[in-house]
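Notes to accompany the following structure.
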Amino acid sequence: MNGEINTPKNFIRQIIDSDLQSGSHSTIHTRFPPEPNGYLHIGHAKSIVLNFGIAQDYPGSCNLRFDDTNPAKEEEEFVEAIKEDVRWLGYEWAELRFASNYFEQLYGFAVELINAGKAFVCDLNPEQVREYRGTLTEPGRESPFRNRTIEENLDLFKRMRAGEFADGSRTLRARIDMASPNINLRDPALYRIRHGLIHHQTGAEWCIYPMYDYTHPISDAIEGITHSLCTLEFEDHRPLYDWVLDNISIDCHPRQIEFSRLNLEYTVMSKRRLTQLVQEKRVSGWSDPRMPTIAGLRRRGYTPESIRHFCEAIGVTKSEGTVEMGVLENSIRGHLDAIAPRRMAVLDPLKVVISNYPADQGEVLQAGNHPKDDTLGTRELVLTREIYIDRADFREEANKKYKRLVLGGEVRLRNAYVVRCDEAVKDASGRIIELRCTYDPDTLGHNPEGRKVRGVIHWVSATQGHKAEVRLYDRLCKSAEPGKGGDFLDDLNPESLQVLRDCIVEPELARAAVGERYQFEREGYFCLDSEDSAPGRLVFNRIVSLRDSWGKGGDE
RNA sequence: UGGGGCGUGGCCAAGUGGUUAAGGCACCGGACUUUGACUCCGGUACUCGUAGGUUCGAAUCCUACCGCCCCAGCCA
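Position 397, counted from 1, in the first sequence is what our numbering calls 405; the numbers after and before it change by one each time, with no gaps.
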């Protein structure tokens, strides 16, 4: 839909309201903390709109912070892509930060924890740690290294940093409670050793890297974040988040609040799966228009406004659900209906000869660019004796519910005259190859008297139109919940992309530019493909079809 | 069967003890229409997970039960 949804007071905004009222805070600071190990997707957009939206609506600010504590998975390409996506969505961060900016401070706080007897260097290897951890129903056992002296821990930790120990040989662990029913509190690792990695920000400076659970609360506190918003799976990490801040000398303690992540029907949203699609080349890349990535949606033709609108429309709660694709589609339809200039394009051309129309002669017709917004102006169309209409817009016979061209029947050519079909010319196999029609010269701009024309169809001049390729997209997956019963790859929709190479578009479209979006009347919204179009080669992506209460193509 | 969460019409989602339980999307009618679009009217459907209890009054409070999600990375 167009128009703004009056931003709903979701439970997080309610908490903020009361924090403001109680005087706990006078300004609100949030952050969007992606890990640069992949491209952003529509689920991230939900978080972006939440965090940046709050910063806009309250006196406050929002930082963009890369959670870059695992150089094995992260890349500079992803940080650049993420910055571009956030900006494209319409937001500007107050400050650009990296968790790696805080590595030295993080190290200092770790030393503090050691000095307080709250952290220790553990020599258990990964397998042993797992054994000692216990299970969901049994408590864990304390590490034999748990009671080392502070001096020894300090020495060992310093040597970990100095690179004296091999990967996996030791970790720095918090000293909390191996019997905690919350497994996250069973002496979680704070630092691990990783040699030989070049971190995209810090290079080879470090060979020990802090863990998320340790880094995140401190990064938030350093930045003065007031409300640290994250998804539900971090709910039982919150006690650890709080533990960290309660046990170091920092005077800021942000409040972590969790909300449910977005699930969308007929697509996949996890980074693991999206990465797999890209790596195995099941799609053309992160920006494949079928992908739910921001880059994919952008190339597909979605507008930032529509994505923001969608994110507001679905709300923010703690209950997990799966949103119907229709809600996203509705958002872009609503926006584009209001702003997209109208054009005509024939996707499956069928030649029509207007027998009583003078040959060698074109007639310039003015057509409005938008039925409800005159400020979008008009453009010229050229009507010629030979035109193309869509094959789906003709039938030799049909019942009266069919509002298109029928043998012996009349139909309006959009923005032009009424024509009657006199004959359907067929080839030897019986396939219709051409229609013979006659037009009524007295029907331009007004309806004929005494009879009713059953419908309106679009057309393009056979001599003035331009060839174009049109790509029709369908849902990425066949199943509403891909992978539910097995491998999600088995649920990929083999017909998610349909390429039409012989389309004919109206002359004006030859001047289409990347970034412009059009409505191809009676078909849907389209835009020039940003990657495969070139001068002289028109490639259009269908952003979304028009809503259709009839059933495009098929009917009965 | 440890811990943490969630359960309101097909899908989201308001609701924070007090008349007929918002709204959006979807769906079904109708109006309008040179886009089977848009827009505009109208409409359908709810045991508020279940069962008890407290109360004059419960989606809201209590108890039990059921269902679903997350957690045993030196990932985030």
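Just so it is clear, CB atoms sit at the ideal spot from N, CA and C, and this is done for glycine as well. Predicted model, so just to flag it, every value in this text is computed and none were measured.
**Asked** Would you call the stretch 314-321 and the stretch 218-228 in contact, with 3 or more CB pairs under 8 Å?
**Response** no
**Message:** Using the Cβ count rule (16 or more neighbours within 10 Å means buried), how would you classify PHE496?
**Reply:** PHE496 comes out buried.
**Request:** Could you check how far apart the C-beta atoms of ARG444 and GLU457 are, in whole angstroms? I think they sit under 8 Å.
**Result:** Not confirmed; about 25 Å, so no contact.
**Proximal residues to HIS454 (C-beta, below 7 Å), its chain only, five neighbours per side dropped** = none
**Prompt:** When the Cβ atoms of the stretch 121-132 are set against those of the stretch 248-256, are three or more pairs found closer than 8 Å?
**Reply:** yes
**Request:** Mind listing, in chain order, the continuous alpha helix (DSSP H) runs of no fewer than 4 residues lying wholly within the stretch 93-136?
**Result:** Listed in chain order, they are 111-123.
**Asked** For ILE397, is the classification buried or exposed, using 16 other Cβ atoms within 10 angstroms of its Cβ as the cut-off for buried?
**Response** buried
**Prompt:** Looking only at its own chain, which residues have a Cβ that is under 7 Å from the Cβ of LEU391, when we skip the five neighbours before and after it?
**Reply:** GLY370, GLU371, LEU373, ALA424 and SER469
**Own chain, CB closer than 8 Å to THR325, minus 5 neighbours either side, in chain order** = ASN18, PHE19, PHE267 and SER268
**Asked** Which of the three DSSP states, helix, strand or coil, is assigned to ARG462?
**Response** coil
**Request:** Return yes when the Cβ of ALA476 is within less than 9 Å of the Cβ of CYS511, no when it is not.
**Result:** yes
**Asked** Comparing alpha-carbon positions, which option in LEU505, GLN527 and PRO502 lies nearest VAL513?
**Response** GLN527
**Request:** Taking ALA303 and TYR110 to be in contact with their CB atoms under 8 Å, please state how far apart those CB atoms are, rounded to whole angstroms.
**Result:** With a Cβ gap of about 29 Å, ALA303 and TYR110 do not count as contacting.
**Asked** Between the C-alpha atoms of THR386 and ARG462, what's the straight-line distance to the nearest angstrom?
**Response** 26 Å
**Message:** Quick check: the Cα distance between THR77 and LEU97, rounded to an integer number of angstroms?
**Reply:** 26 Å
**Message:** What does the alpha-carbon distance come out to for the pair GLU82 and GLU43?
**Reply:** Counting only the Cα atoms, GLU43 lies some 7 Å from GLU82.
**Prompt:** Under the DSSP definition of a beta bridge, which residues are partnered with ILE440?
**Reply:** According to the DSSP secondary-structure assignment, ILE440 is paired through a beta bridge with LYS434.
**Message:** Whole angstroms are fine: how far does the CA of ASN190 sit from the CA of VAL137?
**Reply:** 16 Å
**Prompt:** Ordered along the chain, which non-local residues of its own chain (more than five positions away) have a Cβ less than 7 Å from that of GLN287?
**Reply:** none
**Item:** Alpha carbon of GLY142 to alpha carbon of TYR220, nearest angstrom
**Value:** 22 Å
**Message:** Helix, strand or coil, according to DSSP, for CYS260 in the structure here?
**Reply:** Three-state result, CYS260: coil.
**Request:** Quick one: using the 10 Å Cβ neighbour count with 16 as the cut-off for buried, is SER327 buried or exposed?
**Result:** Classification of SER327: exposed, given that the 10 Å Cβ count is below 16.
**Asked** Which of helix, strand or coil does DSSP assign to TRP294?
**Response** coil
**Request:** Return the chain-ordered list of same chain residues with a C-beta closer than 7 Å to the C-beta of ASN255, the five sequence neighbours on each side being excluded.
**Result:** LEU121, ALA124 and LYS126
**Message:** Three Cβ pairs or more, each shorter than 8 Å: is that satisfied between the stretch 349-368 and the stretch 86-103?
**Reply:** Contact fails: fewer than three Cβ-Cβ distances are below 8 Å.
**Request:** May I ask you to list the residues that DSSP assigns as paired with GLY376?
**Result:** THR386
**Message:** For TYR274 and ALA321, I'd like the C-alpha separation in whole angstroms.
**Reply:** 19 Å
**Request:** Have a look at ARG393 and VAL464 and give me their C-alpha separation to the nearest angstrom.
**Result:** Computed Cα separation, rounded: 18 Å.
**Prompt:** How big is the Cα-Cα spacing for TYR115 and SER257?
**Reply:** 13 Å
**Among ARG420, PHE402 and SER295, nearest to ASP537 - alpha-carbon criterion** = SER295
**Length of the line joining the Cα atoms of ASN133 and GLY334** = Cα-Cα distance, rounded: 49 Å.
**Message:** Check whether the stretch 172-188 and the stretch 199-210 touch, using three or more Cβ-Cβ pairs below 8 Å as the test.
**Reply:** yes
**Prompt:** Taking the C-alpha atoms as reference points, what is the distance between THR301 and ILE50?
**Reply:** 6 Å
**Message:** Give the list of continuous alpha helix (DSSP H) stretches no shorter than 4 residues that lie fully inside the stretch 159-203.
**Reply:** none
**Message:** Quick check on DSSP: helix, strand or coil for ASP398?
**Reply:** strand
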